[in-house]
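Residue 1 is where the sequence shown starts when you use UniProt numbering, and the numbers rise one by one after that. Here the structure comes first, spelled out in structure tokens, and everything after it is commentary.
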Amino acid sequence: MEQEDPWWLKENGSDNSTAPETNRSIDVLCANCVSPQEPIACIRSGLIALAGIITAIVAFTRIVHLHTTSPSHLRLLLFYILCMHCIAGSFEWLWGWTTQLSLFISYAKAIELLIICYFYLDVASKMMHWSSVAGKRLCFSALFLMFTYFTMFMVVGFLISIEPWKDCHAPYWIWFSAGEFVMVQLMVGSFFLILQRMNRISAAPNIRSNQRRDLFSLFWTFETSTLADLGYHVSLFFLADDRKGCSGVFDHDQLRYSMLKFPYDIVSFLMPVWAILYVFRTTSKPNIYNDDSTESFYSSRASSISSIADVVVVRNWRRRYRPLTQKKCKRAP
């Protein structure tokens, strides 16, 4: 039995070559400020593009500042990716939604998450008195496995990418979002270990509250972002089909789509970048965790969190070896 053609082919003849153009003309995901032009889509994507460009400028100033001071290579890499992430997300007003651009933005967000997770896993491993070799192997293994996972799905998405009309029905979006959600849970686990050890460190209450605020900012932002991302892609996957396409979920109504897409872009695209820029901000104040044996200064709040682990190691060394040294001194004539 011959398979029946989809409805959009019936309305426009049997020539398959016209299907993509027909779909694009009514597809709310493809609408932009140029072609196909749509005022609501142009306003929505224009506001997101403006916020993205401003955020990219802030990230670029952080890069310049790091280059003029003693640079942290990990933070430099993070800010470079943030800058590219924001610039890439600002092109929807010109091209509309495209599979390749969305995959790149999702991949950049995943790499940012990997860097932050690596950083805090390394801090947690030091604070929990794990050996430095074991801690580094654990962090590097987690980083490499998840990097391979995200890279594989990005390559698969580029190779089998289909038209936006039914691309939301592709399963790799769900696997990508699920991987980000797992990474956030690993990061939350490291946050829990860090907070547990911070409670045992003698420091001013306002200092501990500042560090907790930074950790909870990252926790709340990335949990919200990944849950919104996963929920968005799972919902479209089950609601869309090849007949009505992704646009049919919104009845091809740009206002309905924009009412969902605008807050989704803020939560999924902008909020993680803002949280990273806030937590990894520079400060002129010296590190409050330094004591007489660790008198180095750090240029960011995130670096001060990292130094907590070094303070714990130094204090444990003093507890173990200083009494022995004092006893030997007493026995000496």
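By construction, the Cβ of each residue, glycine as well, lies at the ideal position given by its N, Cα and C atoms.
Leaving aside the five residues that flank residue 32 on each side, the residues in its chain whose CB is nearer than 8 Å to its CB run, in chain order, 38, 41, 42, 45, 92, 93, 94, 95, 96.
A Cβ-Cβ distance of about 27 Å is found for the pair residue 163 and residue 226, leaving them out of contact under the 8 Å criterion.
About 11 Å separates the Cβ atoms of residue 113 and residue 143, ruling out a contact at the 8 Å cut-off.
Nearest Cα to residue 52 within the set 258, 275, 269: 269.
Taken atom to atom, the span from the alpha-carbon of residue 276 to that of residue 63 is near 13 Å.
Here residue 111 is buried: its Cβ has 16 or more other Cβ atoms, across all protein chains shown, within 10 Å. Within its own chain, the residues whose Cβ lies closer than 8 Å to the Cβ of residue 262, once the five positions on either side in sequence are excluded, are 44, 47, 48, listed in chain order. Membership of residue 280 in any alpha helix (DSSP H) is not indicated, and neither H nor E is assigned to it by DSSP.
According to the DSSP secondary-structure assignment, residue 199 is paired through a beta bridge with no residue.
Around the beta carbon of residue 235, a 10 Å sphere encloses fewer than 16 other beta carbons of the protein chains shown; the residue is thus reported as exposed.
Looking at the backbone, the Cα of residue 75 and that of residue 217 are separated by about 18 Å. For residue 215, the CB contacts under 6 Å within the same chain, skipping 5 residues up- and downstream, are 191 in chain order. Distance from the CA of residue 274 to the CA of residue 86, rounded to the nearest whole angstrom, comes to 11 Å.
Distance from residue 26 to residue 258 at the Cβ level is roughly 15 Å; contact not present, criterion being Cβ atoms closer than 8 Å. Cβ contact annotation for residue 197 (same chain, cutoff 6 Å, sequence separation greater than five): 127, in chain order. Here residue 67 is exposed, its C-beta having fewer than 16 other C-beta atoms within 10 Å. The beta carbon of residue 239 lies closer than 7 Å to those of 249 in the same chain, with the five residues before and after it left out. Within the same chain, Cβ atoms closer than 6 Å to the Cβ of residue 90 are found at 49, 52, 53, the five residues on either side in sequence being excluded.
Going by DSSP, residue 94 is part of the alpha helix (DSSP H) stretching over 92-95. In this structure, the alpha-carbon of residue 73 lies about 17 Å from that of residue 108. Residue 65 sits exposed, since fewer than 16 C-beta atoms from the chains shown fall within 10 Å of its C-beta. Within the DSSP bridge table, the entry for residue 32 names 37 as partners. Per DSSP, residue 267 is not a residue of any alpha helix (DSSP H), being assigned neither H nor E.
In the three-state reduction of the DSSP assignment, residue 171 falls in the coil class. Here the alpha carbons of residue 188 and residue 194 stand approximately 10 Å from one another.
For residue 123, the enclosing alpha helix (DSSP H) covers residues 99-127. Taking all protein chains in view, the Cβ of residue 100 is surrounded by fewer than 16 other Cβ atoms within 10 Å, so the residue is classified as exposed. Between residue 34 and residue 253, the C-beta gap is not smaller than 8 Å, which leaves the two residues out of contact. Per the C-alpha coordinates, the member of 233, 209, 84 positioned closest to residue 57 is 84. Residue 228 and residue 153 have their C-alpha atoms spaced approximately 19 Å apart. Secondary structure note for residue 88: its alpha helix (DSSP H) is the uninterrupted segment 73-88. Residue state for residue 27 is assigned as coil, using DSSP reduced to three classes. The three-state secondary structure of residue 226, taken from DSSP, is helix.
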